[in-house]
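Numbering (the numbering used here), first residue to last: 6 to 403. Cβ coordinates follow ideal geometry from the N, Cα and C atoms, glycine included.
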């Protein structure tokens, strides 16, 4: 009340002057998008696109002047297009998976397949020595790729190749199957669950250098610093140990890749005590950590739906990791469709992880009653291929 009376008695002019000055300073000093920020990251490719089995497909996006980085600069407009290309190794599996899965080990346990497996695993082992840098020397006959071209209206252009592990074998670590595989190192079977079933060394993740190489072509983050988001549906526990899949693997892996998480959203349907949820979570993560100990909803009209939260928070310049592993197809598939069939949502996702429980005999002992009897390995490979064609780095999870 006293402030109102004072304004009425002659202070309104000085007050307006101060407000005007503040607004001017704010306009002068506010950042434009993510320009100049070390945390600026941008997704590698857009949504949409189609193509034949194992072939190339493209997606595109554009940004106006003012976006920072290699892709765009002040005073010009840039457009990016991404083409996904299956490797020869991937194409062979896409073509033959339906037939080979009927007698899987006969086709997977051969000298030729072993040579390709070694190139696959050795290539990733080499890339993981410097995980924040774009990998070099990967065999193009084994590794598939996203090729992003950025073209600007001033005549400049650039091209970036982003490699990814092939959709091949059983969509897990290639030594996961055929327990008598004479080519697998003997030590991988000394503790099968730890060394093979949950082994993630077949995955090739995004890296900071690759992300930065196409920065700016996707636009800015709308007056805030660009961020790295992690959406985890089927979160279970944090788990400091890598013996089982947990949140800690993602935290460590993306930090090593130069993409540490700024926000983490975790969903877990199984009732857990606060101690189970938080005991192993590092204290420095609590400021970015949100845990929802409730089932993930499939109702797309519900504002708490993970895809709706994604669309309300993420911007084109952010880097988004989305993991879906609920072990219930009745929940997973509707969420998967909500994500991949929504053009606005799918273009926000950079990296996607999904454990697809299908009718694949070598995995029956582990998936039990959670598998979808009507879908086989070939259909699962095709699903991941279609997601990759939308410009998303889709991985088969454990």
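Residues sharing a beta bridge with residue i, DSSP
i: residue 269; result: 235, 294
i: residue 125; result: In the DSSP output, where bridge partners are listed per residue, residue 125 has none listed.
i: residue 89; result: 62, 151
i: residue 365; result: Its beta-bridge partners do not exist; DSSP assigns none.
i: residue 377; result: 363
i: residue 169; result: 149
i: residue 2; result: Residue 2 lies beyond the residue range present for the chain, which begins at 6 and ends at 403; the question has no answer from this structure.
Check whether residue i and residue j have beta carbons under 8 Å apart
i: residue 94; j: residue 171; result: yes
i: residue 328; j: residue 283; result: no
i: residue 266; j: residue 256; result: yes
i: residue 253; j: residue 244; result: yes
i: residue 344; j: residue 319; result: no
i: residue 386; j: residue 208; result: no
i: residue 323; j: residue 235; result: no
i: residue 211; j: residue 98; result: no
i: residue 303; j: residue 340; result: yes
i: residue 83; j: residue 156; result: yes
i: residue 273; j: residue 298; result: yes
i: residue 130; j: residue 206; result: yes
i: residue 113; j: residue 383; result: no
i: residue 179; j: residue 105; result: no
i: residue 86; j: residue 161; result: no
i: residue 268; j: residue 286; result: no
i: residue 249; j: residue 296; result: no
i: residue 92; j: residue 145; result: yes
i: residue 159; j: residue 229; result: no
i: residue 325; j: residue 315; result: yes
i: residue 388; j: residue 361; result: yes
i: residue 231; j: residue 182; result: no
CB contact below 8 Å: residue i versus chain C
i: residue 107; result: In summary, chain C is missing from the structure at hand, where a single protein chain is found.
Host alpha helix (DSSP H) of residue i (start-end)
i: residue 105; result: 93 to 105
i: residue 340; result: 334 to 345
i: residue 398; result: Careful: residue 398 lies outside any alpha helix (DSSP H), inside the beta strand (DSSP E) at 398 to 401.
i: residue 404; result: Outside the modelled stretch of the chain, which goes from 6 to 403, sits residue 404, for which no answer is possible.
i: residue 326; result: Where residue 326 is concerned, there is no enclosing alpha helix (DSSP H), although the beta strand (DSSP E) it sits in stretches over 324 to 329.
i: residue 283; result: 279 to 283
Boundaries of the beta strand (DSSP E) in which residue i is found, first to last residue
i: residue 112; result: Where residue 112 is concerned, there is no enclosing beta strand (DSSP E), although the alpha helix (DSSP H) it sits in stretches over 109 to 113.
i: residue 388; result: Element bounds for residue 388: not the beta strand (DSSP E) but the alpha helix (DSSP H), 382 to 394.
i: residue 159; result: Unbroken run through residue 159: none, as it is neither H nor E.
i: residue 312; result: Taken as a continuous stretch (DSSP letters only), residue 312 belongs to no beta strand (DSSP E), being part of the alpha helix (DSSP H) at 311 to 318.
Three-way DSSP call (helix, strand, coil) for residue i in this model
i: residue 10; result: Any reading at residue 10 must be qualified, since the residue scores a pLDDT of 38, below 50, and its modelled position is unreliable; the value itself is stated next. Residue 10: helix per DSSP, three-state reduction.
i: residue 57; result: Here the model assigns residue 57 a pLDDT of 43, short of 50, so the residue's position is not dependable, and the following value carries that caveat. In the structure shown, residue 57 sits in coil (DSSP, three-state: anything other than H, G, I, E or B).
i: residue 219; result: coil
i: residue 288; result: helix
i: residue 164; result: strand
i: residue 255; result: helix
i: residue 202; result: helix
i: residue 120; result: helix
i: residue 137; result: coil
i: residue 245; result: coil
i: residue 405; result: The displayed coordinates of the chain run from 6 to 403. Any statement about residue 405 would go beyond what the structure contains.
i: residue 370; result: helix
i: residue 229; result: coil
i: residue 130; result: helix
i: residue 26; result: With a pLDDT of 41 at residue 26, under the threshold of 50, the modelled position of this residue cannot be trusted; read the value that follows with caution. In the structure shown, residue 26 sits in a helix (DSSP, three-state: H, G or I).
i: residue 213; result: helix
i: residue 274; result: coil
Problem - Inter-stretch contact (C-beta, 8 Å, three-pair minimum) for the region 320 to 339 and the region 225 to 242 - result: yes
Practice task
Please determine if the region 345 to 361 and the region 387 to 399 are in contact, where contact requires at least 3 C-beta pairs separated by less than 8 Å.
Solution key: yes
Practice task
Taking 8 Å as the threshold, find out whether the region 207 to 219 comes into contact with the region 166 to 181 through three or more Cβ pairs.
Solution key: yes
Handout entry: Sufficient close CB pairs (3 or more, under 8 Å) joining the region 139 to 159 to the region 365 to 375
Key = no
Practice task
Determine contact between the region 335 to 355 and the region 131 to 143, defined as no fewer than three beta-carbon pairs at a distance below 8 Å.
Solution key: no
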